[in-house]
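S.K.: My structure is below; once you've seen it, I'll send some questions.
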């Protein structure tokens, strides 16, 4: 069992709509479980043999759960020929923590786009990018997630480390699963919800808890690392949007997401 | 009562979590009710006195409802100091038609952005743009929505009318409510889900039913028309994404959305 599959495994209760899960503290930023990881747990519970891959996941983040036991409650909303639509809810200590709407289908890796305006991502080679550590000097908190994801950040958007953020509103990185397995649609949800948030490169240090995140998975990723670029459109006094795109080693857009976060500076 | 408020009115049943609604055929494209209109109905049901404005709405579109009576079932997921989070479900004939997750708060129109990369929208003056009719010659179907929305399309993205689409993957327009009232966060959901879809300007005529739509409302719109620009990132064999931004008369970004649609050409 790989780290990721183990960390997102779900055990059905009798009836098949509720699942026991153990939220794994390794998939955390500071003391908070990572949003993309939580979506992957919900997606795992909502998957079916016929429609195994999430192709849209949208979620409200209500209350951060703690590592440890939790329950996923699922409801099938509609089963179509090509798509199953579900609702999934993460409950812990009697409180709803995350609620998601999920559409699943069978994703292909052979489909060619009919039309595309997706910019190719411009990143220095992987070994010229900067590996993010679990313990970043001066960060004031650890990022356990960087022990299970090998992430190398574009040095052009690392100004925040030395107190000179680019203020371009972009962060970009190479990402691999540290257990050596290739990305799949569920783990790609983790890659899309990139750490650090764009706000760091805007000179706005501080916590940016996700309020809402929507991801579209466009095709199966090819083996090898993903390249992810995240940009913000506008940062208000209390909220920021972030849009992410992920490309695979065949230079294809495999996934995109948008999220709204609070901004606690 | 204005057209829009009347068309989206909801009548609470005893208990206060279920609402009777009458889906209004004027808010349709062909014979299908408009997705943004349906979200406004759900948002109206989920609104509260303390947190009256939707600031995030994300929804799965399961089965198109018909004009006429339907029921909205709501569930409050979390009530916070600044935000109420809810789930709302549109049911008709015993079938779930649309399911939405909604976060509400009190939006301001005074907040200035801390940082913005939102491109200003470049549109010819409103009277130099092309009003979309209910009955477009050669369209093969009518668009009743254009009787309740005054929409003027940028003539630079009207090539599809004469069989010469720009293939740039952008559509943009001026929009007003035909009843003369100003936009509010609920009606802005209609403006964001723009008709025609971007696919027309890509030479891909055909139906593009929404699978998923997520909207973020960033501030209260100023009085007067909205300008909306929609672009696609990638069109696959069966699905297309569309991202929309709406600006008010004070040149401020008031809302943004992303949607995934099926593509039936």
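Chains as they are written, first to last, in the numbering used here: chain A, 1 to 265; chain B, 1001 to 1265.
Even glycine gets a Cβ: it sits at the ideal position worked out from N, Cα and C.
Mind listing the chain A neighbours of residue 1200/B? Cutoff is C-beta to C-beta under 8 Å, in chain order.
M.R.: Near residue 1200/B there are no residues of chain A at all, since even the closest Cβ is about 12 Å away, more than 8 Å.
S.K.: Within the region 1137-1193 of chain B, note down every full alpha helix (DSSP H) run reaching 4 residues or more, in order along the chain.
M.R.: For the region 1137-1193 of chain B, whole alpha helix (DSSP H) runs of length 4 or above, ordered along the chain, are 1145-1148 and 1185-1192.
S.K.: Does the count of Cβ pairs from the region 1043-1063 of chain B and the region 1205-1221 of chain B closer than 8 Å reach three?
M.R.: With the cut-off at 8 Å, the region 1043-1063 of chain B and the region 1205-1221 of chain B touch.
S.K.: Give me the Cα-Cα distance between residue 180/A and residue 153/A, rounded to the nearest whole angstrom.
M.R.: When rounded, the distance between both Cα atoms is 19 Å.
S.K.: Would you list, in chain order, the members of the region 1158-1173 of chain B that have their beta-carbon closer than 7 Å to a beta-carbon of chain A?
M.R.: Flagged, chain order: 1169.
S.K.: Which of the three DSSP states, helix, strand or coil, is assigned to residue 238/A?
M.R.: Reduced to three states, the DSSP call for residue 238/A is coil.
S.K.: Below 8 Å CB to CB, which residues in the same chain sit around residue 18/A once its five sequence neighbours on both sides are set aside?
M.R.: Result list for residue 18/A: 12, 71, 72, 73 and 74, in chain order.
S.K.: I need the straight-line Cα distance from residue 3/A to residue 148/A, nearest angstrom please.
M.R.: Cα-Cα distance, rounded: 8 Å.
S.K.: Please determine if the region 97-110 of chain A and the region 1179-1198 of chain B are in contact, where contact requires at least 3 C-beta pairs separated by less than 8 Å.
M.R.: Cβ pair count under 8 Å is below three, so no.
S.K.: Per the DSSP calculation, residue 73/A is bridged to which residue(s)?
M.R.: 18/A and 89/A.
S.K.: Please classify residue 237/A: is it buried, with 16 or more other beta-carbons within 10 angstroms of its beta-carbon, or exposed?
M.R.: It counts as exposed.
S.K.: State the start and end residues of the unbroken beta strand (DSSP E) segment that holds residue 1216/B.
M.R.: Taken as a continuous stretch (DSSP letters only), the beta strand (DSSP E) holding residue 1216/B covers 1210-1217.
S.K.: Taking only beta carbons into account, state which residues of the region 98-117 of chain A come closer than 7 Å to chain B, listed in chain order.
M.R.: The residues in question are 99, 101, 103, 111, 113, 114, 115, 116 and 117.
S.K.: Report the CB separation of residue 1257/B from residue 1214/B in whole angstroms; it is logged as a contact under 8 Å.
M.R.: Sure, about 6 Å apart at Cβ, within 8 Å.
S.K.: Taking a cut of 7 Å between CB atoms, which residues from the region 1066-1091 of chain B lie near chain A?
M.R.: The region 1066-1091 of chain B vs chain A, Cβ under 7 Å: 1077, 1078, 1085 and 1087.
S.K.: Look up residue 1117/B in the DSSP assignment and say whether it is helix, strand or coil.
M.R.: Correct three-state label for residue 1117/B: coil.
S.K.: Measure from the C-beta of residue 2/A to each C-beta in chain B and report whether the shortest distance is under 8 Å.
M.R.: Cβ-Cβ to chain B under 8 Å: no for residue 2/A.
S.K.: Below 8 Å between beta carbons: does that hold for residue 1233/B and residue 1243/B?
M.R.: Yes, Cβ-Cβ distance for residue 1233/B and residue 1243/B is below 8 Å.
S.K.: Closest to residue 1023/B by C-alpha separation, out of 1226/B, 1044/B, 1123/B and 1014/B, would be which residue?
M.R.: For the residues 1226/B, 1044/B, 1123/B and 1014/B, the minimum Cα distance to residue 1023/B belongs to 1044/B.
S.K.: So the candidates are 118/A, 239/A, 78/A and 110/A; which of them puts its Cα closest to the Cα of residue 101/A?
M.R.: For residue 101/A, the nearest C-alpha among the options comes from 78/A.
S.K.: Chain A partners of residue 1233/B, CB-CB under 8 Å?
M.R.: Within 8 Å Cβ-Cβ: 116, 117, 118, 245, 253 and 256.
S.K.: Would you call the CB atoms of residue 260/A and residue 40/A closer than 8 Å?
M.R.: Taking 8 Å as the Cβ cut-off, residue 260/A and residue 40/A do not qualify as a contacting pair.
S.K.: Would you call the region 1086-1095 of chain B and the region 1121-1134 of chain B touching, i.e. three or more CB-CB distances under 8 Å?
M.R.: Not touching, per the Cβ criterion.
S.K.: CB-CB under 7 Å to residue 1323/B, same chain, minus the five flanking residues each way: which ones, in chain order?
M.R.: Absent from the model: residue 1323/B. The displayed extent of chain B is 1001 to 1265, so no value can be given.
S.K.: Taking beta-carbon pairs under 8 Å, can you tell me which members of the region 1051-1063 of chain B lie near chain A?
M.R.: So the close ones are 1055, 1056, 1058, 1059, 1060, 1062 and 1063.
S.K.: Can you list the residues of chain A that residue 1236/B reaches, using a CB-CB cut of under 7 Å?
M.R.: Result: 111, 113, 114 and 218.
S.K.: Of all the options 176/A, 226/A, 29/A and 157/A, which has the alpha carbon lying nearest to the alpha carbon of residue 135/A?
M.R.: Here the closest residue by C-alpha is 29/A.
S.K.: To the nearest angstrom, how far is the alpha carbon of residue 1157/B from that of residue 183/A?
M.R.: About 38 Å.
S.K.: To which residues does DSSP link residue 11/A through a beta bridge?
M.R.: Answer is 20/A.
S.K.: Can you confirm whether residue 22/A, when its beta carbon is compared against all beta carbons of chain B, has any partner nearer than 8 Å?
M.R.: Residue 22/A does not count as touching chain B.
S.K.: Report all residues from its chain with a CB closer than 7 Å to the CB of residue 1068/B; omit the five preceding and five following residues, and keep chain order.
M.R.: Closer than 7 Å at the Cβ level, and outside the excluded window around residue 1068/B, lie 1022 and 1023.
S.K.: On the DSSP letters alone, give me the boundaries of the alpha helix (DSSP H) that residue 253/A sits inside.
M.R.: It is not in any alpha helix (DSSP H) - residue 253/A instead sits in the beta strand (DSSP E) that spans 253-262.
S.K.: Between residue 1096/B and chain A, is the shortest Cβ-Cβ distance under 8 Å, so that the two count as touching?
M.R.: Yes, residue 1096/B lies at the interface with chain A (some Cβ there is under 8 Å from its Cβ).
S.K.: Between the alpha carbons of residue 205/A and residue 1047/B, how many angstroms are there, rounded?
M.R.: Distance between the alpha carbons of residue 205/A and residue 1047/B: 33 Å.
S.K.: What would DSSP say about residue 46/A, mapped onto helix, strand or coil?
M.R.: If DSSP states are grouped into helix, strand and coil, residue 46/A belongs with the helices.
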